[in-house]
Amino acid sequence: MTVLRAGSASDTGRVRTINQDSVLTGATVFAVADGMGGHAGGEVASATAVAALDAAMASTSSAEGLVNAIRSANDAIAAASRDDPSLAGMGTTVVAASLIGSDAGDVLVLANVGDSRGYLFHAGRLRQVTDDHSLAAEMVRSGDISEAEAARHPQRHVITRALGIEGSIDIDLFDLILAEGDRVLLCSDGLTNEISDEEIERVLSTLVDPTAAAEDLVRRANAHGGSDNISVVIIDAVIAEGTGESTAAHRIVTAPAATASIPKRETAAPGIGAISPPPVGRREGWLARRRRLGVQRAVTFRVLMFLVLLVGVLAGAWYFLRWYATSAYYVTAQGGSIVIYQGRPGGVLWFQPKLVTVSPTPLDQVLATRQPALRNDVPEPTLEAAQRYVANLADEYRQTQAAIPPAQVITPTTIPIPTPTVSPPITSAPGAIVTYPTLPR
Ligand code: MG
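For the sequence shown, the numbering used here assigns the number 1243 to the initial residue and increments by one for each residue that follows.
And the structure:
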């Protein structure tokens, strides 16, 4: 007889504000659902799914019953969408497990829709059982891209199947025959996008208690960034001796701490939306495929408003720059002329100054003291001011020229210079007495 022990954990993560995931560890069924769609829909969709699943499985214990339970969950979400327009377009993934008794023994049946995952941990190794229903995973399966490329693919979060979108739904089923010590992990992509299979293996190898292991996985996903809601259910198989003919329903025991979580509301992640099957018999266009897969329009009203605002700001900046660059004038010497330019000396970005006037006054008819300033450009606020400045230079030069008196012609005059009278030399012998003649009175 197979006995199951289960534990679970679910967390909003470190980026989102609301948890749109729901987990279920019910009496006969276990599940993880990752909701999406609309401003309110995601958490309603996932909670509706697990509640419908739990209710439907209360009265059945067969693989067919599990399929019908998922279909009833699909119907319940679609009905809720119809009843409340604000929930239109909501959907959810679901990966569910239920122990089914059969002639061949107990089988844990896994059912999957979307990109939440079911793993089997057997003999220390983790193996993904379910296939992701996502665009990136489809491209990997078709050989278009590698696993590594899928991990970085911009549409890796776009899922191709979900509950609540279409009236009919394709469900993948997997039968697991469990051995003693096997563990089954159900999780949302918030776990597997953050931590590696190896890290999950280490946790499942070391933490025996399923609730403790689930909580540790969530903690580790948060430590790696927690960019999405993180939900984990761990189901442990205990093979008891002396199998009887009891039903699956009373061969399942659930860890006390594990309960279905009812998450609050959150806006759906971008890029995830309504899913419908591809058209049959004709090639689907790129736009039609985006629409079918619910890829949100790149240009929403908000984006449009942002673009309009951005264009306005850029246009304003351009006009201001042009005004600044062209609203001034300057006078400068250019060759032997005095010229007036509109603009800023040297230009502003791509707005270069424009030649407006060449003055009839040549540079050499400006005072020499003014010429150095002219060669360094003389800014003026208006064209009139610049023209007045040039006119003033010319006036100044003319006035200076007029103030200089005419040159004087100096006629040399002859000034008579009297001829000096020279006295006769007086000679005397050494020691002689010299007697000067008495000057006539
Ligand atoms: Mg998710």
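Ideal Cβ positions, reconstructed from N, Cα and C, are used throughout, including at glycine.
- Message: Check whether the stretch 1266-1280 and the stretch 1333-1343 are in contact - that is, three or more C-beta pairs closer than 8 Å.
- Response: The stretch 1266-1280 vs the stretch 1333-1343: in contact.
- Query: When the Cα atoms are used, what is the spatial distance from residue 1617 to residue 1641?
  - Reply: Locating residue 1617 in the sequence shown gives position 375, where the first residue counts as 1. Locating residue 1641 in the sequence shown gives position 399, where the first residue counts as 1. The alpha-carbon of residue 1617 is positioned some 22 Å away from that of residue 1641.
- Message: Could you compute how far the alpha carbon of residue 1563 sits from the alpha carbon of residue 1590?
- Response: For the purposes of this step, residue 1563 is identified with residue 321 of the sequence shown, where counting begins at 1. For the purposes of this step, residue 1590 is identified with residue 348 of the sequence shown, where counting begins at 1. Taking the straight line from one Cα to the other gives about 8 Å.
- Task: Report the three-state DSSP secondary structure of residue 1227 (helix, strand or coil).
- Result: Residue 1227 lies beyond the range of the chain shown here (1243 to 1683); nothing can be said about it.
- Message: Judging by CA-CA distance, which residue of 1351, 1284, 1305 is the nearest neighbour of residue 1323?
- Response: The residue labelled residue 1323 in the question sits at position 81 within the sequence shown. Looking from the CA of residue 1323, the closest CA among 1351, 1284, 1305 belongs to 1284.
- Nearest-angstrom Cα distance between residue 1297 and residue 1318? Against the sequence shown, residue 1297 aligns to sequence position 55. Against the sequence shown, residue 1318 aligns to sequence position 76. Roughly 11 Å between the two C-alpha positions.
- Please list, following the chain, all residues that have a C-beta closer than 5 Å to any non-hydrogen atom of the ligand MG. Those residues that have a beta carbon less than 5 Å away from any non-hydrogen atom of the ligand MG are, in order along the chain, 1276, 1430, 1431, 1432, 1470.
- Query: Using the beta-carbon count (16 or more within 10 Å), is residue 1597 buried or exposed?
  - Reply: As a working mapping, residue 1597 is identified with position 355 in the sequence shown. Under this definition residue 1597 is an exposed residue.
- Message: Can you check which of these residues, 1583, 1243, 1441, is closest to residue 1367 by C-alpha distance?
- Response: In the sequence shown, the residue the question calls residue 1367 occupies position 125. Minimum Cα distance to residue 1367 is reached at 1441.
- Message: Quick check on DSSP: helix, strand or coil for residue 1591?
- Response: The residue labelled residue 1591 in the question sits at position 349 within the sequence shown. In the three-state reduction of the DSSP assignment, residue 1591 falls in the coil class.
- Task: Report the rounded CA-to-CA distance for residue 1247 versus residue 1255, giving the unit in angstroms.
- Result: Here residue 1247 corresponds to residue number 5 of the sequence shown, with the count starting at 1. Here residue 1255 corresponds to residue number 13 of the sequence shown, with the count starting at 1. Taking the CA atoms as reference points, residue 1247 sits about 26 Å from residue 1255.
- Would you say residue 1599 and residue 1620 are within 8 Å of each other, going by their C-beta atoms? Position 357 of the sequence shown holds residue 1599. Position 378 of the sequence shown holds residue 1620. It is not a contact, given that the beta carbons lie outside the stated cut-off.
- Item | Best match in 1429, 1404, 1406 for proximity to residue 1686 [C-alpha to C-alpha] | No answer is possible for residue 1686: it lies beyond the span of the chain, which begins at 1243 and ends at 1683.
- Query: In three-state DSSP terms, what is residue 1479?
  - Reply: Against the sequence shown, residue 1479 aligns to sequence position 237. Looking at residue 1479 - three-state DSSP - the assignment turns out to be strand.
- Are the Cβ atoms of residue 1459 and residue 1315 separated by less than 8 Å? The count along the sequence shown starts at 1 and reaches residue 1459 at position 217. The count along the sequence shown starts at 1 and reaches residue 1315 at position 73. No, they are not a contact pair.
- Query: Which ranges would you report for the alpha helix (DSSP H) in the stretch 1253-1318 if only whole runs of at least 4 residues count?
  - Reply: Those alpha helix (DSSP H) runs which fall completely within the stretch 1253-1318 and span 4+ residues are 1283-1299.
- Note down the Cα distance separating residue 1261 from residue 1568, rounded to an integer number of angstroms. Position 19 of the sequence shown, counted from the first residue, corresponds to residue 1261. Position 326 of the sequence shown, counted from the first residue, corresponds to residue 1568. Spanning the two alpha carbons is a distance of roughly 57 Å.
- Per DSSP, residue 1354 is paired with what? Taking the first residue of the sequence shown as 1, we reach residue 1354 at position 112. Beta-bridge pairing links residue 1354 to 1337, 1414.
- Which same chain residues, not among the five before or five after residue 1466, have their C-beta less than 8 Å away from its C-beta? Indexing the sequence shown from 1 puts residue 1466 at position 224. 1436, 1437.
- Query: What span of residues does the beta strand (DSSP E) with residue 1368 cover, start to end?
  - Reply: Locating residue 1368 in the sequence shown gives position 126, counting from the first residue. Run containing residue 1368: 1367-1370, per the beta strand (DSSP E) assignment.
- Task: Helix, strand or coil for residue 1522, going by three-state DSSP, please let me know.
- Result: Residue 1522 sits at position 280 when you count from the first residue of the sequence shown. Because residue 1522 sits at a pLDDT of 37, beneath the cut-off of 50, its placement in the model cannot be relied upon, and the following sentence gives the value as read from the coordinates. In this structure, residue 1522 counts as coil in the three-state DSSP scheme.
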